[in-house]
Structures are given as C-alpha cells and as structure tokens.
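Okay, so here's the structure we're looking at.
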Amino acid sequence: MLRNLGVPFDLKSYKRIAGRLDDTDIDYAAFRDEPLPDDLLRCVRYMHDVESHTSCYLRNLLNTRAHHDPAITEFMTMWAFEEHWHGDALGRVLEAHGEASGETRLSAMRRARVSGLAPIGWMAFSAATRHFVAIHMTFGVVNEWTTQGGYARLLARADHPVLSELLRRIMKQEGRHIDYYRSSAIERLDGDRGAQRTVRSALRHLWSPVGSKVMSRDDTRHLVTTLFGGDDGAVVAARIDRRIDQLPGLDGLGLMAGVLRQHRAPRTGAELLRTGARSTGGYSTVMAYSGQLSAARRAASSSSAGTSVPHSSTA
Ligand SMILES: [Fe+2]
Ligand SMILES: [Fe+2]
Numbered sequence: 115m116l117r118n119l120g121v122p123f124d125l126k127s128y129k130r131i132a133g134r135l136d137d138t139d140i141d142y143a144a145f146r147d148e149p150l151p152d153d154l155l156r157c158v159r160y161m162h163d164v165e166s167h168t169s170c171y172l173r174n175l176l177n178t179r180a181h182h183d184p185a186i187t188e189f190m191t192m193w194a195f196e197e198h199w200h201g202d203a204l205g206r207v208l209e210a211h212g213e214a215s216g217e218t219r220l221s222a223m224r225r226a227r228v229s230g231l232a233p234i235g236w237m238a239f240s241a242a243t244r245h246f247v248a249i250h251m252t253f254g255v256v257n258e259w260t261t262q263g264g265y266a267r268l269l270a271r272a273d274h275p276v277l278s279e280l281l282r283r284i285m286k287q288e289g290r291h292i293d294y295y296r297s298s299a300i301e302r303l304d305g306d307r308g309a310q311r312t313v314r315s316a317l318r319h320l321w322s323p324v325g326s327k328v329m330s331r332d333d334t335r336h337l338v339t340t341l342f343g344g345d346d347g348a349v350v351a352a353r354i355d356r357r358i359d360q361l362p363g364l365d366g367l368g369l370m371a372g373v374l375r376q377h378r379a380p381r382t383g384a385e386l387l388r389t390g391a392r393s394t395g396g397y398s399t400v401m402a403y404s405g406q407l408s409a410a411r412r413a414a415s416s417s418s419a420g421t422s423v424p425h426s427s428t429a
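Under this note's numbering, think of the first position of the sequence shown as 115, with each following residue one higher.
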C-alpha cells in the first residue's frame, strides 16, 4: 500500500510558483543558423498544437463533476495557463523556422477538428459515472507522463542546445503537473475497487496518445514512431507503462506497448473500423462510452446488484 501513496500535492506551494514559462533569454534566432531536421520539426508542430489545445480541453472539463471541486478548478486554472505558454514557446520555435504558429495554425485546426458538441459528450460522460473525477485525474497523469516522455525523447533526438534548454524548462513545469495528477489519482483510486474497475475500463476504451483526437492519424503515427519507435524510445515507453502499473488497481494495462504495436504494424481493415471513431475528434467515442456506462448503471439499479463498466472484447 505504501508504494502507492507518496507525498500529497501541496497546492498552496504550487500556486506560489506557477506561472508563465520564462523564455526571455531563449535564443530562438539560433534555429535560423541551426534548424531542426524535418522529422523533428514535425514533432514540434504536433506539440505546439496540442499544448495550445489545452484551453479547449479545459472547456470540456469545466462541464463535468470536476467543476464542483474548487481545489481542482484552482489547479486547472494555473495548469492551463502554464500549458498555454508551452504552446507559445514552441510556436516561436516554428516561427524561427519560417513556419506559421499560434492563431494561424490553431484557427484552421479548431474549425476542422473540434466538435461544437464536445461539451455535451463530456457532460454525459461525467453524469454516467460517479468515478468521473478519478478517470479525469488518471488520464491527466498518464497524459503528463507521456508528454514528459515525448519531450525527453525530442530533447535527446535533437541534441540542440537551444531546444534542450527550452524543453528542460517546459519539462520542469510538466513535472509539477505530473505530481498533482498522480497524487489526485491515487487519492481517488486507493482502496476503491469500483473506481479502479471504472478507470481501468475507461483507459482501455478511451485512452489514446495525448493530442491524437485532434491531430491527424499520420501526425500521431509520425510522433509515436519518431520519438518512441527506436530502442531508446521503447525504454521510455516501457517506463511509462511501469508507472501506470504502480497506480492502485491499474497494473498490466500496457497502454504504451499497445500504442507502439498499433503504430508499428501495418493497419488491418478491422483495426481501421475499430478505431475509426477516434478520427472524428473523440465526441462519438465518448458519447458511445457514456451510453454504455448509463446502461450498466440502469442494469445495476434494476437488479440491485453491484456493477462494473462493461469490458471491451477488443481491449
Ligand atoms: Fe505542457
Ligand atoms: Fe502539463
């Protein structure tokens, strides 16, 4: 039990240090003389877009049970602010390469890939399970771990002095996000078998690499194979899976191993059909899953028996 508990997150201390990423002395102009190779610059585009998408994610989360907890909304306010500046800094890297960033890139992406119905899906999902916040916190730490791992891999692959310094500063803030989500997930999972079953099921059915629901499948595949595809990347991916294993009741999910298998192997027709809903921005996936949760809850109340979220045959 002790291995799972760790140190509770100190929100007051975080409030004192949270803030805009300090990049005032980052020499972005250096990228003009020493640009990143195309394959890594494509990863920076993905990271810029996803960091900058945090405000949309926040919009959805504020329509859920998370909104009822002032401590969560307090954290999320500062978390979203920090993520915004990560996106802004990565945008400056793109600009130094003569590429569009910020509003120019994001407007097109939101028009093409963000559903106006998304908040409804999230409201339904939150209403369908009392364990929604446990799901939110666990997805949070998994996404922060994978983000941190992605930055570490980009730093190692690029071996660029300016990018390395920028990414180290971003990763320092990501580390605090990890601490919050991990602590909050453990608080809700530890000793609660219902929460553990529900979160396991949600991770199996709904989790995919951060950003993959709003980025193209090709971009996601490129990011996964470029940063996690080689032997060194596989080590980082395996470490993330081991960290997930240590969360209460979540051992053996192998999420990153599954992502690597999915993106390495040639895609079959069955796989394309099974994962097709994700390419629509995740709205239909979340709605379908909320429907499953609601049906399970109705069945449980009519039989007066305990229930768990139905498991997918494809999990
Ligand atoms: Fe970030
Ligand atoms: Fe983060």
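Each residue gets a CB set at the ideal place from its N, CA and C atoms; glycine is no exception.
Ranked by Cα distance from Asp152, the first of Leu369, Ile358 and His336 is His336.
Taking Ala226 as reference, the option from Gly347, Arg356 and Lys327 with the minimal CA-CA separation is Lys327. Annotation note: the stretch 320-377 contains the following uninterrupted alpha helix (DSSP H) runs of length 4 or greater, listed N- to C-terminal: 331-342 and 345-359.
The stretch 294-304 makes contact with the stretch 253-266: 3 or more CB pairs, one atom from each, lie closer than 8 Å.
Residue environment analysis places Arg307 among the exposed positions, since fewer than 16 neighbouring C-beta atoms fall within 10 angstroms of its C-beta.
Cβ-Cβ separation between Cys157 and Thr340: approximately 6 Å, consistent with a contact (criterion under 8 Å).
Taking C-alpha positions only, Val350 is separated from Gly372 by approximately 14 Å.
For secondary structure counted as the alpha helix (DSSP H) over 4 or more consecutive residues, the stretch 185-253 holds these complete runs in sequence order: 217-227 and 232-242. Gln360 and Ile186 have their C-alpha atoms roughly 23 Å apart.
Judged by their CB atoms, Met370 and Asp346 are not nearer to each other than the 7 Å cut-off. Per the CB criterion, closer than 6 Å to any heavy atom of ligand 2, the qualifying residues run in chain order as Glu197, Glu258, Thr261, Glu288 and His291. In this structure, the CA atom of Thr312 is about 26 Å from the CA atom of Arg290. Distances between the C-beta of His181 and the heavy atoms of ligand 1 are all 6 Å or more. Between Val164 and Gly325 a beta carbon distance of about 3 Å is seen, short of the 8 Å cut, so the two are scored as contacting.
In the three-state reduction of the DSSP assignment, Asp293 falls in the helix class, which pools H, G and I. A contact is defined here as three or more CB-CB pairs under 8 Å, and the stretch 256-272 fails this definition with respect to the stretch 205-213. DSSP, reduced to helix, strand and coil, places Tyr142 outside both helices and strands of the structure shown, so it counts as coil.
Burial state of Ala214 is exposed, judged by a 10 Å Cβ sphere holding fewer than 16 other Cβ atoms.
Every alpha helix (DSSP H) of 4 residues or more that sits fully in the stretch 118-181 is shown, in chain order, as 125-131, 144-147, 152-166 and 168-175.
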